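Numbers -24 to -1, 1 to 322, taken from mature numbering (1 follows the signal peptide of the UniProt record, and there is no 0), label the letters of the sequence shown in order. Shown next, in structure tokens, is the structure this report addresses.
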Amino acid sequence: MQKQILKIFFFSAIFFAVPNSSQATIIFEDNFDDSPDWQSQQTVAKSVGGNDRAWPATYVDACSSACPPQRWTAYRASASYFTDTPGNDTYVLNTDGARGGSGKGITLNVESTGSYGDWAGGSLDLSLGSVGYQELFVKYWLKYDSNWLWTNPGNTQHGQQKLIRISRFSGDINDYNNHNPQMFFTPTENGPSWMPDWYYNKSFPPASFFSSEFFNTQANGSIGYGPTQTFASLVWPSDGGWHSYEFRTKMNSAPGAANGEWEIWIDGQSTPDKHQVKTDVLWVDSNGSVTQGWNYLMFLDNITVAPAPLSEKKEMQIYMDDVVVSTTRLSADIIAPVAPSGLNVE
């Protein structure tokens, strides 16, 4: 009921106050409430015959059994690190992940892999069409397990979570057997790409924000790490409650012009512990093109945490709800039951 009241309140506020400017900027939104329950069908470990769920078997226009959630483009789910049972499914869409006391949301079940650098998870993917957007805003809400641990307090293992990948995919997504938007490094057509991470380092409290930029530096189109990697002292919300995450990416104005931008807000705040911006990003170098904009998103990406040895089969949860993608920053907490009309998955 609380979530339904919030929907009515915010939709009324938007409709009567700024019906044209706010609604016109929304590219995609999903609160998952009207979607059928879904799960990602994780398998046992590869060492005993398991396999990753990935492109093109999970692409909405190519899948037969491992299809993505309603209104989404594709997904990835790595095989479990557990050999006798896959444990809880990697991604689950049901009432457990709902924000606001009712409805539905996404649960990401995270395996402790026992060692930093052993990556679990995958991603929920969204294509925004071939043309893309020169500037893009993404907002969602996350909640972490109240018993969440990045690592065992008694050791010095790091922990890292890729919150999202915001990318430009230049391949033909409809030719899905020859072009793969989930492929990175060599060969790939997915770049530049921004990956904002939570990066836990035991030497620094309580978590640091890590950003990695990509850009095209090789004639064969492969992608390498960009000229800068940025660390910032954003504070990870540790209270086990819901918190909003907002991301902004802006393409550089011309090839080789180091004036691209990225920005992140936690809970909409602009204080140094909840906000970071970078305005000199060389997303595309002088050999590339900036004509095509940001057009491929990967939510709740890979994660590596080691709070327990693999033998303990420890799992923790991250919950996601109320996703909005737009061309300007939206001040209202928009929660909508359906995606806007006119958006075609390409």
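Every residue, glycine too, gets a C-beta built ideally from N, C-alpha and C. In this text the structure is predicted, and so the values were computed from the model without any measurement.
For residue i, does the three-state DSSP call read helix, strand or coil?
| i | result |
| --- | --- |
| Leu286 | helix |
| residue 323 | Residue 323 is absent from the model: the chain starts at -24 and stops at 322. |
| Ser143 | strand |
| Thr89 | coil |
| Val211 | coil |
| Thr303 | coil |
| Lys250 | coil |
| Thr1 | helix |
| Gly73 | helix |
| Ala195 | Its pLDDT being 46, under 50, Ala195 is placed unreliably in this model, and the value from its coordinates should be taken loosely. Correct three-state label for Ala195: coil. |
| Ser23 | helix |
| Ala234 | coil |
| Phe113 | strand |
| Leu125 | coil |
| Thr66 | coil |
| Phe8 | coil |
| Gly244 | coil |
| Gln158 | coil |
| Gln18 | coil |
| Lys119 | strand |
| Ser106 | coil |
| Ala53 | strand |
| Asp297 | strand |
| Ser187 | strand |
| Gly130 | coil |
| Gly79 | coil |
| Ser40 | coil |
| Ser229 | coil |
| Val(-7) | Summary for Val(-7): the model assigns pLDDT 36, below 50, so the residue's position carries little reliability; its value from the coordinates is reported in the next sentence. Reduced to three states, the DSSP call for Val(-7) is coil. |
For residue i, report the span of its beta strand (DSSP E) as first-last.
| i | result |
| --- | --- |
| Leu102 | Gly98 to Ser103 |
| Met171 | Asn166 to Tyr176 |
| Gln137 | Gly135 to Lys138 |
| Lys226 | Trp218 to Lys226 |
| Tyr152 | Note, Tyr152: premise wrong, no beta strand (DSSP E); not H, not E. |
| Tyr35 | Counting along the chain, Tyr35 falls outside any beta strand (DSSP E), and DSSP gives it neither H nor E. |
| Arg47 | From DSSP, Arg47 is part of no beta strand (DSSP E); its letter is neither H nor E. |
Report, in whole angstroms, the separation of the C-beta atoms of residue i and residue j, which I expect to be a contact under 8 Å.
| i | j | result |
| --- | --- | --- |
| Pro168 | Arg144 | 6 Å |
| Ser302 | Thr1 | 4 Å |
| Gly97 | Ser56 | Incorrect: roughly 11 Å between the Cβ atoms, too far for contact. |
| Lys80 | Gly90 | Rounded, the Cβ-Cβ distance is 32 Å, inconsistent with contact. |
| Met292 | Trp95 | Going by Cβ atoms, the distance from Met292 to Trp95 rounds to 15 Å, so no, they are not a contact pair. |
| Asp65 | Gln18 | 5 Å |
| Arg75 | Trp117 | 5 Å |
| Leu100 | Tyr67 | 6 Å |
| Arg29 | Ala21 | 14 Å between Cβ atoms; not a contact. |
| Ser103 | Thr34 | Contact flag wrong, Cβ pair sits at about 13 Å. |
| Ala282 | Ser88 | 6 Å |
| Tyr272 | Asn166 | 7 Å |
| Gln137 | Tyr92 | With 8 Å as the limit, Gln137 and Tyr92 do not qualify as a contact, their Cβ atoms being about 12 Å apart. |
Compare the C-alpha of residue i against each of the options and name the closest.
| i | options | result |
| --- | --- | --- |
| Ala284 | Gly130, Ile240 and Asn263 | Gly130 |
| Pro248 | Gly216, Trp126 and Ser209 | Ser209 |
| Leu306 | Pro45, Tyr272, Thr255 and Glu222 | Glu222 |
| Val253 | Lys226, Trp117 and Leu84 | Lys226 |
| Trp212 | Ser229, Asn228, Gly236 and Phe185 | Phe185 |
| Tyr295 | Trp218, Asp148 and Trp174 | Trp218 |
| Trp126 | Pro45, Ser229 and Thr280 | Thr280 |
| Pro32 | Trp238, Thr304, His251 and Met159 | Met159 |
| Val257 | Phe275, Gly269, Gly236 and Val107 | Gly236 |
| Asn177 | Asp9, Gln268, Phe275 and Phe207 | Phe207 |
| Ile3 | Asn150, Val114, Gln268 and Gly147 | Val114 |
| Trp170 | Pro62, Ser122, Arg224 and Ile149 | Arg224 |
| Ser16 | Ser122, Ser265, Cys39 and Trp174 | Cys39 |
| Val300 | Ser187, Leu112, Pro45 and Lys250 | Leu112 |
| Asn278 | Leu84, Pro231 and Ser78 | Leu84 |
| Pro62 | Asp10, Asp261, Val86 and Gly216 | Val86 |
| Phe8 | Leu286, Leu69 and Asp243 | Leu69 |
| Lys250 | Glu239, Val260 and Thr71 | Glu239 |
Going residue by residue through the segment 253 to 280, where are the continuous beta strand (DSSP E) segments of at least 3 residues, counting only ones entirely within it? List check, beta strand (DSSP E) in window: 272 to 275.
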